[in-house]
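K.L.:
Residues in the sequence shown are numbered from 2 upward in steps of one, following my numbering. All residues carry an ideal CB built from backbone N, CA and C; glycine is no exception.
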Amino acid sequence: MGYSSLRQCLDKLEQEHQLVRIDEPIDAHLEAAAIQRRVFAAGGPALLFTNVTGCKFPMVSNLFGTLDRARVIFRDGLEAVAQLVAAKANPQLAMKRPWQYWKLPRHALTMLPKYVRSGPLLANQISISELPQLQSWPEDGGAFVTLPIVYTEDVEHPGWQHSNLGMYRVQLNGNDYRPDEEIGLHYQIHRSIGVHHAAAIRTGKPFRVNVFVGGPPALTVAAVMPLPEGMSELTFAGALNRRRVSLVRQEHSLPLIADADFCISGTVDPDRLLSEGPFGDHLGYYSLAHPFPVMRVDKVYHRNDAIWPFTVVGRPPQEDTLFGQLIHEMTGPMIPVVLPGVHGVHAVDAAGVHPLLLAIGSERYMPFLDAARPQELLTQANAILGQGQLSLAKFLLIAAHGDDPQLDLHDEGAFFQHVLRRADWTRDLHFRTQTTVDTLDYSGAGLNAGSKVVVAAVGPARFSLATDIPDDLQLPEGFSAPQVVMPGVLAISGPKCPAPSFDYDVSVRARRDCREDVQRPMEKFCSSFPAEHAINRFRWIVITEDSQFLAESLRNFLWATFTRTNPASDIYGIASFTEEKHWGCRGALVIDARIKPHHAPVLEEDPEISRRVDDLAAPGGPLQGIL
């Protein structure tokens, strides 16, 4: 019946040869993270670091490093969640097939948390500096908690029923935080903790926060689940773990999750913001330092056998990729219920998740006529961009299911070509300007600010996709090295922009001061070709610093193209026009995917740390046979 602790789960994985102990001394400063990245890339086991330099607590990583291992961890709970999701999507199923759903009441019961008098978490109290000080990337602003389970409640409606579990990174030290007294709490736009924080400020009440680490693994997955606002993630954690979550009441404070390994308990000061970051983030760049809430630490608890779980984010894929895949497995059947007419939505991990969504919808408005242009697809695109975290997408490519019922959302190359054969650049580009994007995305006009574009494609294939570069292609000065990425897509090296800065204020000024210098070469490129030129047989042209890198793999194309572009400012076109405030082009669509001065720096490992990991993987080292 699920796990009562993280250690119980790890013991089970070790018995099944899914976990390896590393007894060699490992430093939480850069080294542990570098090992995790390598082992994840190799599809390796979970790692239990038993000898962390300068720290008494063991650390575990790569717990969710493969989808098969995640399925093993939750083998019983996944069935329970699947039945609950199916019943939610179609309430009549349980009555029509009672022999299949006889366990449903028991599953529903596990969703209700229960209060207990005490728990293992309360065994010990320590200070922040005694916790593992994990730093993942060389320019990170300090040590961070990378798998936090952040618990808050609505001060106007206290109780677990109006609680939120979220995964919002926590900076333990560095910058101007008072050691052992303050930590940084970073949460991005469109997160439920913001609703709770706003209510506390509005009512003048203390905003209390509990940051849990560890505990049954279902808690970690629950913290990243995109549940509807107002629905407690504690209920999902109970269902996935097949055990009710145990809570310990605390006078004048939030309840404690009894089976967690650690808890940092404190209060967010509504009048105090401090610079948080930089932090090497999941888009593959640093998120820069910005003012974020400060949490005043009251107490730090840990259980007797506490283990510190961690992950590392960076250019995808990383371990958080598997979270996305696991969540899709569990919630995919709900998409047609939440978004009528939509067959599926795929947030492309290789592009950083939020920058690029692919979707398949239906065209049912006038079924007696062949769809001559996108109609219902545009309604569905609006619904997708109004749904939770999907609203943070920058590019949404949506195709009609009826045009190719076998089209696979997760075959990004095939999907892209399907759209390119059908989308008409004079009609099928739909922009949203001056809007919100992911907090971690620096391609736009400022923090949380950017634009979106919907590309809708319907009907039979209308355009052929070139695979050969014209022999007589003459590129403007400063542009060179054309490379075919895939049929219909061409990469070209363009003039480099000035390098980004770690200083956000400098970056903002750089965007303003260099705008014309960035735009001028792109306008020159587009004006060099008429709509009839052979280059337009490539429907999508990407300008980058290194066309060979972009064309080397689909992964490189998706990452470099979509993380480095803001649709409203970086989409150009050959023979472009504006008509009735609609922008389009009669020739190729041209994307400026160069790194701009206002972008965040790309993540790079410390070479010395990389050599250290090489040594650990050499014959006789603890990672031999794993890497």
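Note down the Cα distance separating Val-485 from Gly-185, rounded to an integer number of angstroms.
P.N.:
Residue numbering aside, residue 485 sits at position 484 when the sequence shown is read from its first letter. Residue numbering aside, residue 185 sits at position 184 when the sequence shown is read from its first letter. Cα-Cα distance, rounded: 45 Å.
K.L.:
Give me whichever residues DSSP pairs with Leu-257 in a beta bridge.
P.N.:
Along the sequence shown, one-based indexing puts residue 257 at 256. Per DSSP, Val-249.
K.L.:
Mind checking whether Cys-527 and Ser-577 have CB atoms under 8 Å apart?
P.N.:
Position 526 of the sequence shown, counting from 1, holds the residue named residue 527. Position 576 of the sequence shown, counting from 1, holds the residue named residue 577. Yes, these two residues count as a Cβ contact at 8 Å.
K.L.:
Using 8 Å as the threshold, is the C-beta distance between Val-459 and Leu-393 below it?
P.N.:
In the sequence shown, residue 459 corresponds to position 458, counting from 1. In the sequence shown, residue 393 corresponds to position 392, counting from 1. Cβ distance not < 8 Å, so Val-459 and Leu-393 don't count as in contact.
K.L.:
So Arg-22 is in the beta strand (DSSP E); what residue range does that whole segment cover?
P.N.:
By 1-based counting over the sequence shown, the position of residue 22 is 21. Residues 20-23.
K.L.:
Identify whether Ala-462 lies in helix, strand or coil by the three-state DSSP scheme.
P.N.:
Within the sequence shown, the letter at position 461 stands for residue 462. Correct three-state label for Ala-462: coil.
K.L.:
Where do the N-terminal and C-terminal ends of the alpha helix (DSSP H) with Ala-382 fall, by residue?
P.N.:
Within the sequence shown, numbered from 1, the residue matching residue 382 stands at position 381. Element bounds for Ala-382: 377-385.
K.L.:
Could you say which of His-283, Pro-522, Arg-510 and Gln-9 lies nearest to Asp-262 if we only look at CA atoms?
P.N.:
As a working mapping, residue 262 is identified with position 261 in the sequence shown. For the residues His-283, Pro-522, Arg-510 and Gln-9, the minimum Cα distance to Asp-262 belongs to Gln-9.
K.L.:
For His-158, tell me which candidate among Glu-140, Ala-201 and Asp-141 has the shortest Cα-Cα distance.
P.N.:
Here residue 158 refers to the residue found at position 157 of the sequence shown. When only C-alpha atoms are compared, the closest one is Ala-201.
K.L.:
Classify Glu-80 as helix, strand or coil using the three-state DSSP reduction.
P.N.:
Numbered from 1 along the sequence shown, position 79 holds the residue referred to as residue 80. If DSSP states are grouped into helix, strand and coil, Glu-80 belongs with the helices.
K.L.:
Using the Cβ count rule (16 or more neighbours within 10 Å means buried), how would you classify Leu-474?
P.N.:
What you label residue 474 is simply residue 473 of the sequence shown in a count that begins at 1. Label assigned to Leu-474: exposed.
K.L.:
Where do the ends of the alpha helix (DSSP H) carrying Leu-68 lie?
P.N.:
Working through the sequence shown from its first residue, we reach residue 68 at position 67. Unbroken alpha helix (DSSP H) run through Leu-68: 68-74.
K.L.:
Use the C-beta contact count for Trp-100: other C-beta atoms within 10 angstroms, 16 or more gives buried, fewer gives exposed.
P.N.:
On the sequence shown, position 99 is the one that residue 100 refers to. In this prediction, Trp-100 has a pLDDT of 42, which is less than 50 and means its spatial position is unreliable; nothing more can be read from the coordinates.
K.L.:
From what residue to what residue does the beta strand (DSSP E) around Pro-310 run?
P.N.:
Along the sequence shown, read from residue 1 onward, the residue named residue 310 stands at position 309. Residues 309-311.
K.L.:
For Pro-121, count neighbouring Cβ atoms within 10 angstroms of its own Cβ and tell me buried if that reaches 16, exposed if not.
P.N.:
One-based indexing of the sequence shown puts residue 121 at position 120. Classification of Pro-121: buried, given that the 10 Å Cβ count is 16 or more.
K.L.:
DSSP puts Gly-345 in a beta bridge; with which residues?
P.N.:
For the purposes of this step, residue 345 is taken as the residue at position 344 of the sequence shown. Looking at the DSSP assignment, Gly-345 forms a beta bridge with Ile-361.
K.L.:
May I ask you to report which of helix, strand or coil DSSP gives His-163?
P.N.:
Numbered from its first residue, the sequence shown carries residue 163 at position 162. In this structure, His-163 counts as helix in the three-state DSSP scheme.
K.L.:
Put Arg-595 into one of helix, strand or coil per three-state DSSP.
P.N.:
Residue 595 sits at position 594 when you count from the first residue of the sequence shown. Coil at Arg-595, not helix or strand.
K.L.:
For Ala-144, count the other beta carbons within 10 Å of its own beta carbon; 16 or more makes it buried, fewer makes it exposed. Which is it?
P.N.:
Within the sequence shown, residue 144 is the residue found at index 143, counting from 1. Ala-144 should be labelled buried.
K.L.:
If Val-298 sits next to Ile-265, beta carbons under 8 Å apart, how far is it from one beta carbon to the other, in whole angstroms?
P.N.:
Working through the sequence shown from its first residue, we reach residue 298 at position 297. Working through the sequence shown from its first residue, we reach residue 265 at position 264. Sure, about 6 Å apart at Cβ, within 8 Å.
K.L.:
For Leu-448, collect the residues of the same chain with a Cβ closer than 7 Å to its Cβ; drop the 5 residues on either side in sequence, then sort them by chain order.
P.N.:
For the purposes of this step, residue 448 is taken as residue 447 along the sequence shown, with counting starting at 1. The residues are His-291 and Thr-440.
K.L.:
Measure how close the beta-carbons of Leu-49 and Leu-11 come, nearest whole angstrom, since I'm counting them as under 8 Å.
P.N.:
Counting from one through the sequence shown, the residue named residue 49 turns up at place 48. Counting from one through the sequence shown, the residue named residue 11 turns up at place 10. That pair is a contact at about 6 Å.
K.L.:
Please name the residue in Ala-307, Arg-540, Val-591 and Ala-457 whose C-alpha comes closest to that of Gln-520.
P.N.:
For the purposes of this step, residue 520 is taken as residue 519 along the sequence shown, with counting starting at 1. Minimum Cα distance to Gln-520 is reached at Val-591.
K.L.:
Looking only at DSSP bridge pairs, what is Ala-561 linked to?
P.N.:
Mapped onto the sequence shown, residue 561 falls at position 560. Answer is none; Ala-561 lacks a bridge partner.
K.L.:
Would you kindly work out how many angstroms separate the C-alpha atoms of Phe-58 and Ala-307, rounded to a whole number?
P.N.:
In the sequence shown, the residue the question calls residue 58 occupies position 57. In the sequence shown, the residue the question calls residue 307 occupies position 306. Rounded to whole angstroms, Phe-58 to Ala-307 spans 7 Å at the Cα level.
K.L.:
Quick one: Cα of Ser-5 to Cα of Asp-24, how far?
P.N.:
Along the sequence shown, one-based indexing puts residue 5 at 4. Along the sequence shown, one-based indexing puts residue 24 at 23. Between Ser-5 and Asp-24, the C-alpha separation is close to 25 Å.
K.L.:
Would you mind stating whether Leu-410 and Leu-68 have Cβ atoms separated by less than 8 Å?
P.N.:
Translated into positions along the sequence shown, residue 410 becomes position 409. Translated into positions along the sequence shown, residue 68 becomes position 67. It is not a contact, given that the beta carbons lie outside the stated cut-off.
K.L.:
How far does the alpha helix (DSSP H) with Ile-328 in it extend, from its first residue to its last?
P.N.:
By 1-based counting over the sequence shown, the position of residue 328 is 327. 320-332 is the extent of the alpha helix (DSSP H) around Ile-328.
K.L.:
Relative to the C-alpha of Ala-348, which residue among Leu-391, Leu-340, Thr-566 and Ala-535 is closest?
P.N.:
Translated into positions along the sequence shown, residue 348 becomes position 347. Cα-wise, what sits closest to Ala-348 is Leu-391.
K.L.:
Would Leu-359 and Glu-413 be called neighbours here (beta carbons separated by less than 8 Å)?
P.N.:
In the sequence shown, the residue the question calls residue 359 occupies position 358. In the sequence shown, the residue the question calls residue 413 occupies position 412. Closer than 8 Å, so yes.
K.L.:
What residue range does the beta strand (DSSP E) around Leu-551 cover?
P.N.:
Along the sequence shown, one-based indexing puts residue 551 at 550. Here Leu-551 belongs to no beta strand (DSSP E); instead the alpha helix (DSSP H) covers 548-552.
K.L.:
Of the residues Arg-510, Asp-571 and Pro-471, which one's Cα is nearest the Cα of Leu-491?
P.N.:
For the purposes of this step, residue 491 is identified with residue 490 of the sequence shown, where counting begins at 1. With distances taken between Cα atoms, Leu-491 lies closest to Pro-471.
K.L.:
Quick one: what does DSSP say Leu-241 is sitting in, helix, strand or coil?
P.N.:
Here residue 241 refers to the residue found at position 240 of the sequence shown. Three-state result, Leu-241: helix.
K.L.:
Is DSSP giving Leu-617 helix, strand or coil here?
P.N.:
Walking along the sequence shown from the start, residue 617 turns up at place 616. Residue state, collapsed to three classes: helix.
K.L.:
At a cut of 8 Å, does the segment 526-540 reach the segment 455-469 through at least three beta carbon pairs?
P.N.:
The segment 526-540 is in contact with the segment 455-469.
K.L.:
Rounded to a whole number of angstroms, what is the C-alpha to C-alpha distance between Arg-209 and Leu-255?
P.N.:
As a first step, residue 209 must be located in the sequence shown, where it is residue number 208. As a first step, residue 255 must be located in the sequence shown, where it is residue number 254. Taking the straight line joining both Cα atoms gives about 7 Å.
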